[in-house]
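Here the sequence shown is numbered in this note's numbering, starting from -7 and rising by one per residue. Accompanying notes for the structure given below.
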Amino acid sequence: MSDILDASSVLEVLRPVQDPELRKSLVELNMIRNLKIDDGKVSFTLVLTTPACPLREFIVEDCQKAVRQLAGVKDVLVNVTAETPQQKGLPDRTGIAGVKNILAVSSGKGGVGKSTVAVNVAVALAQSGAKVGLIDADIYGPNTPTMLGLADAKVTVQQTASGEILEPAFNHGVKLVSMGFLIGRDQPVIWRGPMLNGIIRQFLYQVQWGELDYLIVDMPPGTGDAQLTLIQAVPMAGAVIVTTPQNVALLDSRKGLKMFQQMGVSVLGIVENMSYFIPPDLPDRQYDIFGSGGGEKTAAELGVPLLGCVPLEISLRQGGDRGLPIVVADPNSASAKALMAIAQRIAGKVSVAALA
Ligand SMILES: Nc1ncnc2c1ncn2[C@@H]1O[C@H](COP(=O)(O)OP(=O)(O)OP(=O)(O)O)[C@@H](O)[C@H]1O
Ligand SMILES: [Mg+2]
């Protein structure tokens, strides 16, 4: 180690410091930038791979500890920012300009909480500072507009040389497009197959998305046309499968999971929803209605990571109905905390996949 306090000696002591999620050196990952040394004061920018990094304090501490080993250091200032890496494309898929990572939230079975998870994860990522979009791919029963407080929103359509471009609605930091914006509230959608394909492609390519770190697609239940259209159109960063602890749901999840894996989309993990019940009048109580440890068991049985377990909480449903997602309405509730941790885990896995 050299005795002179200069950029190369600082980088040398920082080299062994790793990003715990990526398990690689911060220096090798080019996460240390704008390094300056002024009269014993060392300052640099730490560029994380997601604003939703739960370990930022630990990484900063590790950096400071490492740099303080050097003689002559009086202070270490770390300015933290994030740059989400872009998912690698596939040769036969057309990405969306400006959109770095496209994620599907899916399940084999209906009503397990896909939309609830998709909306809250999207809002949690936006709260951490990420640029987030959400596609409601449930053409026949769109309900994310209500959940995101956009039930009365209208999207504007611009005529351009390359066709119609939709301006997404925006609330709680998330841009949203949904069939709900294009039809009357009580008007049922009667279109089928080819039409659905067209609408999903329009939601991907003919929307003014701008720059996005994460574009989350809330899928309709099952393993049907919407999933196929999405997987065949764009390069995917991965899929998140939502399940509930019951055996039937588990069987369906296995089907959903297989479909993504067979089509070469990595399954980032499963979210077990409605894992246990928290009564509103006894918030410290927890009832394991389906038995405990279900989430772990489910993940092990399906052979994918468990991203987290979300309890059954009345306020979570109420938040959805009122258009105030629980991560906004009551961030200290057990379900909000679980959903925020899930959002961070998803972001971490996306970074790992993009930099692999
Ligand atoms: N953990 C939970 N606690 C309480 N209520 C929940 C929870 N998860 C979901 N819900 C409620 O259950 C209902 C179904 O959830 P949601 O619409 O998210 O499921 P879905 O899988 O998207 O359904 P679909 O298959 O129809 O798209 C909603 O009313 C929602 O508010
Ligand atoms: Mg849904």
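Just so it is clear, CB atoms sit at the ideal spot from N, CA and C, and this is done for glycine as well.
When you compare each of the options to residue i by their alpha carbons, which one comes out closest?
i	options	result
Asn189	Ala225, Ile318, Val257, Val65	Ala225
Val199	Gly214, Glu20, Ser245, Val149	Val149
Pro8	Asn26, Glu20, Gly105, Pro317	Glu20
Asn163	Cys301, Ile175, Val68, Lys146	Lys146
Gln253	Val115, Tyr268, Arg193, Thr215	Thr215
Lys329	Pro46, Leu38, Ala58	Pro46
Val59	Leu3, Gly311, Arg246	Leu3
Tyr206	Ala339, Ala291, Thr152, Val259	Ala339
Asp11	Ile51, Leu140, Asn93	Ile51
Asp128	Gln119, Ala161, Ala345, Lys101	Ala161
Thr41	Asp54, Asn93, Ala89	Asn93
Asp430	Val113, Gly172, Ile29, Pro213	With the chain covering -7 to 348 only, the question about residue 430 has no answer from this structure.
Pro275	Gly172, Pro134, Ala326, Glu13	Ala326
Thr321	Ser170, Leu174, Gly141	First, the residue type needs correcting, since residue 321 is Ala and not Thr in the sequence shown. For the residues Ser170, Leu174, Gly141, the minimum Cα distance to Ala321 belongs to Gly141.
Met23	Leu174, Leu14, Phe173	Leu14
Gln61	Ser1, Gly90, Val97, Glu75	Ser1
Gly90	Trp201, Met211, Ile306	Trp201
Can residue i and residue j be called in contact, C-beta distance under 8 Å?
i	j	result
Leu364	Ile262	Given that the chain is displayed from residue -7 to residue 348, the structure contains no residue 364 and the question cannot be resolved.
Ile233	Ser99	yes
Leu331	Val296	no
Asn324	Val109	no
Leu168	Pro137	yes
Val115	Gly165	yes
Ala229	Leu95	yes
Leu308	Ile318	yes
Val34	Arg25	no
Thr290	Pro237	yes
Ser120	Ala44	yes
Gly315	Met139	yes
If we ignore side chains and look at the alpha-carbon of each, how far apart do residue i and residue j end up?
i	j	result
Arg277	Pro271	7 Å
Leu249	Gln79	20 Å
Lys341	Ala333	12 Å
Gly105	Leu27	45 Å
Lys379	Ser343	An answer regarding residue 379 cannot be provided, because it is not within the stretch -7 to 348 covered by the chain.
Ala335	Phe36	27 Å
Gly287	Thr235	9 Å
Lys247	Leu6	45 Å
Tyr197	Gly32	51 Å
Ser220	Ala346	The residue you asked about is not Ser; residue 220 is Leu in the sequence shown. Using only the alpha carbons, I get a separation of about 22 Å.
Val65	Leu(-3)	8 Å
Leu18	Cys55	9 Å
Gly283	Tyr132	34 Å
Ile175	Asp130	13 Å
Taking all protein chains shown into account, decide if residue i is buried (16 or more other Cβ within 10 angstroms of its Cβ) or exposed.
i	result
Asn239	exposed
Tyr279	exposed
Met187	exposed
Thr73	exposed
Glu293	exposed
Leu82	exposed
Ala(-1)	exposed
Tyr268	buried
Asn71	exposed
Thr86	exposed
Ile192	buried
Gly311	buried
Ala63	exposed
Gly155	exposed
Val242	One point to set straight first is that residue 242 is Leu, not Val, in the sequence displayed. With 16 or more other Cβ atoms within 10 Å, it is buried.
Asp409	Residue 409 is absent from the model: the chain starts at -7 and stops at 348.
Start-end ranges of the beta strand (DSSP E) lying completely within the segment 140 to 214, minimum 3 residues = Entirely contained in the segment 140 to 214, the beta strand (DSSP E) runs reaching 3 residues are, in chain order, 148 to 152, 155 to 159, 161 to 163, 166 to 170, 204 to 210.
inquiry  = Give the list of continuous beta strand (DSSP E) stretches no shorter than 3 residues that lie fully inside the segment 274 to 330.
reply    = You should have 298 to 304.
message = Quick check on the DSSP output: what are the complete beta strand (DSSP E) runs of length 3 or more inside the segment 224 to 277, in order along the chain?
response = Fully enclosed beta strand (DSSP E) runs of 3 or longer: 230 to 235, 259 to 269.
request  = Report the residue ranges of all alpha helix (DSSP H) runs contained in full by the segment 23 to 84; include only those spanning at least 4 residues, in chain order.
outcome  = You should have 48 to 60.
ask   = Of all the alpha helix (DSSP H) runs that stay within the bounds of the segment 98 to 125, which reach a length of 4 or more residues?
value = Fully enclosed alpha helix (DSSP H) runs of no fewer than 4 residues occupy 106 to 119 of the segment 98 to 125, in order along the chain.
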